[in-house]
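Read left to right, the sequence shown gives residues 63 to 788 (my numbering). For reference, the structure discussed in these notes is given below.
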Amino acid sequence: MASPANSFVGTPYWMAPEVILAMDEGQYDGKVDIWSLGITCIEMAERKPPLFNMNAMSALYHIAQNDSPTLQSKEWTDSFRRFVDYCLQKMPQERPTSVELLRHDFVRRDRPLRVLIDLIQRTKDAVRELDNLQYRKMKKILFQETRNGPLNESQEDEEDSEHGTSLSRELDSLGSNHSIPSMSVSTGSQSSSVNSMQEVMDDSSSELVMMHDDESPVNSSSSVVHRKVIEEEFAGHGDPRPEPRPTQSVQSQALHYRNRERFATIKSASLVTRQIHEHEQENELREQMSGYKRMRRQHQKQLIALENKLKAEMDEHRLKLQKEVETHANNSSIELEKLAKKQVAIIEKEAKVAAADEKKFQQQILAQQKKDLTTFLESQKKQYKICKEKIKEEMNEDHSTPKKEKQERISKHKENLQHTQAEEEAHLLTQQRLYYDKNCRFFKRKIMIKRHEVEQQNIREELNKKRTQKEMEHAMLIRHDESTRELEYRQLHTLQKLRMDLIRLQHQTELENQLEYNKRRERELHRKHVMELRQQPKNLKAMEMQIKKQFQDTCKVQTKQYKALKNHQLEVTPKNEHKTILKTLKDEQTRKLAILAEQYEQSINEMMASQALRLDEAQEAECQALRLQLQQEMELLNAYQSKIKMQTEAQHERELQKLEQRVSLRRAHLEQKIEEELAALQKERSERIKYLLERQEREIETFDMESLRMGFGNLVTLDFPKEDYR
Numbered sequence: 063m064a065s066p067a068n069s070f071v072g073t074p075y076w077m078a079p080e081v082i083l084a085m086d087e088g089q090y091d092g093k094v095d096i097w098s099l100g101i102t103c104i105e106m107a108e109r110k111p112p113l114f115n116m117n118a119m120s121a122l123y124h125i126a127q128n129d130s131p132t133l134q135s136k137e138w139t140d141s142f143r144r145f146v147d148y149c150l151q152k153m154p155q156e157r158p159t160s161v162e163l164l165r166h167d168f169v170r171r172d173r174p175l176r177v178l179i180d181l182i183q184r185t186k187d188a189v190r191e192l193d194n195l196q197y198r199k200m201k202k203i204l205f206q207e208t209r210n211g212p213l214n215e216s217q218e219d220e221e222d223s224e225h226g227t228s229l230s231r232e233l234d235s236l237g238s239n240h241s242i243p244s245m246s247v248s249t250g251s252q253s254s255s256v257n258s259m260q261e262v263m264d265d266s267s268s269e270l271v272m273m274h275d276d277e278s279p280v281n282s283s284s285s286v287v288h289r290k291v292i293e294e295e296f297a298g299h300g301d302p303r304p305e306p307r308p309t310q311s312v313q314s315q316a317l318h319y320r321n322r323e324r325f326a327t328i329k330s331a332s333l334v335t336r337q338i339h340e341h342e343q344e345n346e347l348r349e350q351m352s353g354y355k356r357m358r359r360q361h362q363k364q365l366i367a368l369e370n371k372l373k374a375e376m377d378e379h380r381l382k383l384q385k386e387v388e389t390h391a392n393n394s395s396i397e398l399e400k401l402a403k404k405q406v407a408i409i410e411k412e413a414k415v416a417a418a419d420e421k422k423f424q425q426q427i428l429a430q431q432k433k434d435l436t437t438f439l440e441s442q443k444k445q446y447k448i449c450k451e452k453i454k455e456e457m458n459e460d461h462s463t464p465k466k467e468k469q470e471r472i473s474k475h476k477e478n479l480q481h482t483q484a485e486e487e488a489h490l491l492t493q494q495r496l497y498y499d500k501n502c503r504f505f506k507r508k509i510m511i512k513r514h515e516v517e518q519q520n521i522r523e524e525l526n527k528k529r530t531q532k533e534m535e536h537a538m539l540i541r542h543d544e545s546t547r548e549l550e551y552r553q554l555h556t557l558q559k560l561r562m563d564l565i566r567l568q569h570q571t572e573l574e575n576q577l578e579y580n581k582r583r584e585r586e587l588h589r590k591h592v593m594e595l596r597q598q599p600k601n602l603k604a605m606e607m608q609i610k611k612q613f614q615d616t617c618k619v620q621t622k623q624y625k626a627l628k629n630h631q632l633e634v635t636p637k638n639e640h641k642t643i644l645k646t647l648k649d650e651q652t653r654k655l656a657i658l659a660e661q662y663e664q665s666i667n668e669m670m671a672s673q674a675l676r677l678d679e680a681q682e683a684e685c686q687a688l689r690l691q692l693q694q695e696m697e698l699l700n701a702y703q704s705k706i707k708m709q710t711e712a713q714h715e716r717e718l719q720k721l722e723q724r725v726s727l728r729r730a731h732l733e734q735k736i737e738e739e740l741a742a743l744q745k746e747r748s749e750r751i752k753y754l755l756e757r758q759e760r761e762i763e764t765f766d767m768e769s770l771r772m773g774f775g776n777l778v779t780l781d782f783p784k785e786d787y788r
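Okay, structure coming up:
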């Protein structure tokens with residue numbers, strides 16, 4: 063199946079409902095042809111499609127509003143009825159496809175092989191009968207001109223009425239299953255094929271009736287009914303004339319007409335005039351439908367152009383927002399990279415400063431210890447001299463001890479003093495080394511703690527930066543969502559406003575066309591009534607001439623009866639009474655003629671009054687029927703437009719609700735995303751800080767354990783004075 067369409071294309075009476083509603087309710091597919099097939103079946107069966115006597119636009123509203131059409135006559139088979147009803151399902155989803163229709167009982171049933179041949183033969187016979195009718199009319203005219211002059215209108219009407227009645231019976235024998243080819247000039251004429259055939263019959267009857275029918279192509283059979291009424295009123299009063307023998311030229315022409323085996327008839331000027339008038343009306347209808355199609359196509363183009371413009375505007379807006387988000391993300395990543403580089407530089411700088419401070423601290427301790435050692439050595443030297451002099455004094459005071467022994471004792475005291483000083487120096491060096499190592503270890507721990515503080519500060523700064531950037535991003539996303547929401551509401555309002563303006567313009571155009579159509583129908587009916595009033599004297603004159611002819615025939619009959627009675631009375635009565643009998647008979651004849659004349663006048667007056675009254679009543683009835691039909695069509699148009707407006711408003715309400723639901727759902731997703739990102743960021747912050755503190759704690763514990771193994775004890779409360787190694 064082809065892709066769906068949404069255009070407004072097609073002939074009105076055969077359109078499917080979804081084609082009419084294509085602009086308002088969406089698209090349609092190939093099943094519209096199945097609907098047209100069902101309408102064509104009704105047209106072939108009933109000689110015209112449904113709603114054919116209605117204005118095309120009113121028919122469109124009927125098709126869209128009412129139920130599916132059905133066959134009106136009861137003479138069709140159930141299989142054919144089911145086939146038509148199956149094709150005319152109003153819902154496209156329930157309508158069958160062509161493959162399903164091929165399996166229907168009506169299509170699969172057995173059919174005679176000569177159906178089309180019989181139809182063609184019967185149509186040829188009907189056309190041949192029409193040719194014979196035209197031939198007989200020409201024969202009468204030619205014969206009358208050569209013998210007694212042209213026929214009067216009443217005689218011609220009588221002759222053609224007889225042949226027209228026989229031809230009507232012949233046409234009725236064709237059956238309603240077969241249509242007769244149209245004789246109109248335009249193949250798309252509004253009249254059906256059988257109506258066109260009936261018009262040919264009417265046109266071949268009399269020129270007077272053709273002039274009457276020129277104003278109303280739809281009611282072309284009214285002249286036949288009018289002529290039959292006249293025949294019924296004055297049946298039996300005519301003067302049948304024997305048909306004269308045709309001349310040799312007329313016989314050869316008749317032979318030519320009988321031998322003609324083609325689908326054609328002689329067309330009168332009035333028929334051509336009527337067909338031109340119908341063609342002009344059809345052109346007006348086609349132009350009106352083309353105007354509707356152009357208007358709908360233009361409206362669709364405007365809607366599509368506006369939708370494309372709004373879509374481009376929305377795409378540009380989203381691209382702008384996306385670029386802004388990408389710019390913010392790039393700036394955030396650049397700022398984080400700068401912060402990371404800055405933190406690395408700070409850590410490197412702190413490391414260099416710490417190394418320099420450590421080296422300086424070590425140099426200060428070493429210099430102080432060297433100074434202390436020098437001072438200690440000098441004090442030892444002084445103490446050694448003092449002790450040496452004291453021993454010498456003690457030895458000098460002791461005269462009893464030999465000198466050699468004194469020398470030995472002095473040497474021994476010197477050795478003991480030197481040994482003591484050496485031990486004190488070694489102890490001092492040991493204390494200095496321990497102090498140096500312990501203070502260096504403490505300084506390293508202090509530097510490590512300071513480095514940990516810097517790392518904590520850096521990670522907090524980084525996390526705070528990320529949180530600030532994320533909050534800015536969230537604020538930007540909320541602002542983007544609000545701007546997008548405002549743009550969507552503005553675009554929806556613009557689109558709905560344009561749609562309502564186009565529908566209002568379309569409805570106004572439909573109302574104007576309907577009013578113009580109503581005025582045109584009223585003008586045509588008024589013109590028809592004026593033409594009927596103009597033609598009424600001719601018709602009355604023809605009827606008066608026929609009544610006068612009947613009166614003259616009656617007078618002739620009475621005259622013959624009077625002559626026969628007079629001759630009989632003169633034969634049976636004496637001669638002396640003849641004068642009295644003649645006078646009596648003359649008075650009786652005069653009296654009867656006077657009575658007949660009075661009856662003639664009364665018949666003429668009654669005929670004229672009845673015909674005038676009948677014409678006035680018929681015209682008034684036609685006016686009432688036309689007003690009622692136009693009022694119903696106008697009410698139907700208003701109801702259809704109200705329905706379209708309500709459907710459009712309901713559609714707009716649904717679109718607004720759908721947009722509100724989409725906007726609220728998008729906002730809820732955005733808020734949920736913001737909450738999830740903030741929770742993830744908080745979780746990342748907690749985990750990173752926790753991991754950093756745990757790592758730093760492990761480093762401190764490892765450092766302290768190593769310090770314990772080195773024998774330094776707890777360095778947390780270490781606060782040595784500068785001289786405590788002493």
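Beta carbons: idealized from backbone N, C-alpha and C, even for Gly. As the structure is a computational prediction, the values presented were derived from the model and not from experiment.
**Report entry** Residue burial classification, F325 (beta-carbon count within 10 angstroms, cutoff 16)
**Finding:** Within the sequence shown, residue 325 is the residue found at index 263, counting from 1. Any reading at F325 is ruled out, since the residue's pLDDT is 43, under 50, leaving its predicted position unreliable.
Query - For N392 and V725, the rounded distance between their alpha carbons - result: Indexing the sequence shown from 1 puts residue 725 at position 663. Indexing the sequence shown from 1 puts residue 392 at position 330. Straight-line Cα distance between these residues: approximately 28 Å.
Requested in this report: Pick out whichever of K454, T642, L491 and Q631 has its Cα sitting closest to the Cα of K476.
Outcome: To locate residue 476, count along the sequence shown from 1; it is residue 414. Measuring from the Cα of K476, the nearest candidate turns out to be K454.
Query raised in the report: First and last residue of the alpha helix (DSSP H) that includes W97?
Result: What you label residue 97 is simply residue 35 of the sequence shown in a count that begins at 1. Here the alpha helix (DSSP H) through W97 covers V94 to E108.
Query raised in the report: Pick from A107, P131 and Q89: whose alpha carbon is nearest that of Y75?
Result: Taking the sequence shown and counting its residues from 1, the one referred to as residue 75 is at position 13. Closest option to Y75, Cα to Cα, is P131.
Report task. Please report the Cβ distance between R348 and D543, rounded to the nearest whole angstrom; I am assuming they are in contact, meaning their Cβ atoms lie under 8 Å. Result -> As a working mapping, residue 348 is identified with position 286 in the sequence shown. As a working mapping, residue 543 is identified with position 481 in the sequence shown. Not quite, the Cβ-Cβ distance comes to about 53 Å (not below 8 Å), so this is no contact.
Query raised in the report: To the nearest angstrom, how far is it from the Cα of P154 to the Cα of L122?
Result: Sequence index remark: in the sequence shown, residue 154 carries index 92 (1-based). Sequence index remark: in the sequence shown, residue 122 carries index 60 (1-based). Cα to Cα, the separation comes out at about 17 Å.
Query raised in the report: Looking at the structure shown, is N370 part of a helix, part of a strand, or coil, going by DSSP?
Result: Taking the first residue of the sequence shown as 1, we reach residue 370 at position 308. Residue state, collapsed to three classes: helix.
Query - Bounding residues of the alpha helix (DSSP H) (the contiguous stretch that carries H166) - result: Residue numbering aside, residue 166 sits at position 104 when the sequence shown is read from its first letter. Run containing H166: none; DSSP gives neither H nor E here.
**Report entry** Buried or exposed (CB count within 10 angstroms, at least 16 for buried), H361
**Finding:** As a working mapping, residue 361 is identified with position 299 in the sequence shown. It counts as buried.
Report task. May I ask you to list the residues that DSSP assigns as paired with Y123? Result -> As a first step, residue 123 must be located in the sequence shown, where it is residue number 61. DSSP lists no partner for Y123.
Query raised in the report: From E768 to K500, what distance separates their C-alpha atoms?
Result: Locating residue 768 in the sequence shown gives position 706, where the first residue counts as 1. Locating residue 500 in the sequence shown gives position 438, where the first residue counts as 1. Answer to the nearest angstrom: the Cα atoms are 12 Å apart.
Query raised in the report: L394 to K745, Cα distance in whole Å?
Result: Residue numbering aside, residue 394 sits at position 332 when the sequence shown is read from its first letter. Residue numbering aside, residue 745 sits at position 683 when the sequence shown is read from its first letter. Looking at the sequence itself, residue 394 is Ser, so the reference to Leu does not match. Going by the C-alpha atoms only, they are around 20 Å apart.
Query - Cut-off 6 Å between Cβ atoms - residues of its own chain near F168, not counting five sequence neighbours on either side - result: Numbered from 1 along the sequence shown, position 106 holds the residue referred to as residue 168. Same-chain partners within the cutoff: S141, F142 and F145.
Query raised in the report: Can you list the alpha helix (DSSP H) stretches of 4 or more residues lying completely in the stretch 145-195, in chain order?
Result: 160-164 and 167-170
Query - Inter-residue Cα distance where the pair is R231 and E191 - result: On the sequence shown, residue 231 is found 169 positions in, with the first residue counted as 1. On the sequence shown, residue 191 is found 129 positions in, with the first residue counted as 1. The predicted model places R231 with a pLDDT of 42, which falls under 50 and marks its position as unreliable; any figure quoted below should be read in that light. Roughly 11 Å between the two C-alpha positions.
Report task. Check whether the stretch 490-506 touches the stretch 427-434, taking contact to mean three or more Cβ pairs, one atom from each stretch, closer than 8 Å. Result -> yes
Query raised in the report: DSSP three-state call for N128: helix, strand or coil?
Result: As a first step, residue 128 must be located in the sequence shown, where it is residue number 66. It is coil, neither helix nor strand.
**Report entry** C-beta atoms of Q364 and L163 nearer than 8 Å
**Finding:** The count along the sequence shown starts at 1 and reaches residue 364 at position 302. The count along the sequence shown starts at 1 and reaches residue 163 at position 101. No; because the gap between Cβ atoms is not below 8 Å, this pair is not in contact.
Query raised in the report: Buried or exposed: where does G100 fall if 16 or more other Cβ atoms within 10 Å of its Cβ makes it buried?
Result: For the purposes of this step, residue 100 is identified with residue 38 of the sequence shown, where counting begins at 1. So G100 counts as buried.
Query raised in the report: Taking Cβ to Cβ, would you say K654 is nearer than 8 Å to Q620?
Result: To locate residue 654, count along the sequence shown from 1; it is residue 592. To locate residue 620, count along the sequence shown from 1; it is residue 558. Against a cut-off of 8 Å, the Cβ pair of Q620 and K654 comes out as a contact.
Query raised in the report: Between S253 and E679, what straight-line distance do the alpha-carbon atoms span, to the nearest angstrom?
Result: Indexing the sequence shown from 1 puts residue 253 at position 191. Indexing the sequence shown from 1 puts residue 679 at position 617. Reliability fails at S253, whose pLDDT of 36 lies under 50, so the model's placement of it is uncertain and the value that follows must be treated cautiously. If I take the Cα positions, the gap works out to 26 Å.
Query raised in the report: Cα separation between L557 and L368?
Result: Indexing the sequence shown from 1 puts residue 557 at position 495. Indexing the sequence shown from 1 puts residue 368 at position 306. Cα-Cα distance, rounded: 7 Å.
Query raised in the report: Under three-state DSSP, which class holds M116?
Result: The sequence position of residue 116 within the sequence shown is 54, counting from 1. Three-state DSSP puts M116 in coil, outside helix and strand.
Query raised in the report: Distance, Cα to Cα, L614 vs Q608?
Result: Mapped onto the sequence shown, residue 614 falls at position 552. Mapped onto the sequence shown, residue 608 falls at position 546. Note on identity: in this sequence residue 614 is Gln, with Leu being the wrong assignment. Roughly 10 Å between the two C-alpha positions.
Report task. Go through its chain and collect everything with a Cβ distance to C502's Cβ below 8 Å, but skip five positions before and after it. Result -> Working through the sequence shown from its first residue, we reach residue 502 at position 440. Here the set comprises E420, F423, Q424 and I427.
Query raised in the report: Quick one: Cα of A742 to Cα of S748, how far?
Result: Position 680 of the sequence shown, counted from the first residue, corresponds to residue 742. Position 686 of the sequence shown, counted from the first residue, corresponds to residue 748. Cα to Cα, A742 sits roughly 10 Å from S748.
Query raised in the report: If you follow the alpha helix (DSSP H) that E80 is part of, which residue opens it and which one closes it?
Result: Taking the sequence shown and counting its residues from 1, one reaches residue 80 at position 18. It spans P79 to I82 - the alpha helix (DSSP H) in which E80 sits, taken as one unbroken run.
Query raised in the report: How is Q134 classed by DSSP in three states: helix, strand or coil?
Result: Against the sequence shown, residue 134 aligns to sequence position 72. Of the three classes helix, strand and coil, the one that applies to Q134 here is coil, per DSSP.
Query raised in the report: Where L398 and E533 are concerned, what is the direct C-alpha to C-alpha distance, given to the nearest angstrom?
Result: Numbered from its first residue, the sequence shown carries residue 398 at position 336. Numbered from its first residue, the sequence shown carries residue 533 at position 471. Rounded to the nearest angstrom, the two C-alpha atoms are 15 Å apart.
Report task. Determine the contact status of E550 and L383, defining contact as a CB-CB distance below 8 Å. Result -> Here residue 550 refers to the residue found at position 488 when the sequence shown is read from its first residue. Here residue 383 refers to the residue found at position 321 when the sequence shown is read from its first residue. The answer is no: Cβ separation not under 8 Å.
Query - Proximal residues to K152 (C-beta, below 8 Å), its chain only, five neighbours per side dropped - result: Position 90 of the sequence shown, counting from 1, holds the residue named residue 152. If we look at K152 and ignore the five residues flanking it on each side, its Cβ neighbours are P79, D129 and S130.
Query raised in the report: Counting Cβ pairs closer than 8 Å, one from the stretch 754-762 and one from the stretch 510-529, do we hit at least three?
Result: yes
Query raised in the report: Taking just the CA atoms, how far does R184 sit from A671?
Result: What you label residue 671 is simply residue 609 of the sequence shown in a count that begins at 1. What you label residue 184 is simply residue 122 of the sequence shown in a count that begins at 1. Taking the straight line joining both Cα atoms gives about 44 Å.
Query raised in the report: To the nearest angstrom, how far is it from the Cα of Y148 to the Cα of R716?
Result: Residue mapping note: residue 148 aligns to position 86 of the sequence shown, counting from 1. Residue mapping note: residue 716 aligns to position 654 of the sequence shown, counting from 1. The alpha-carbon atoms of Y148 and R716 are separated by roughly 33 Å.
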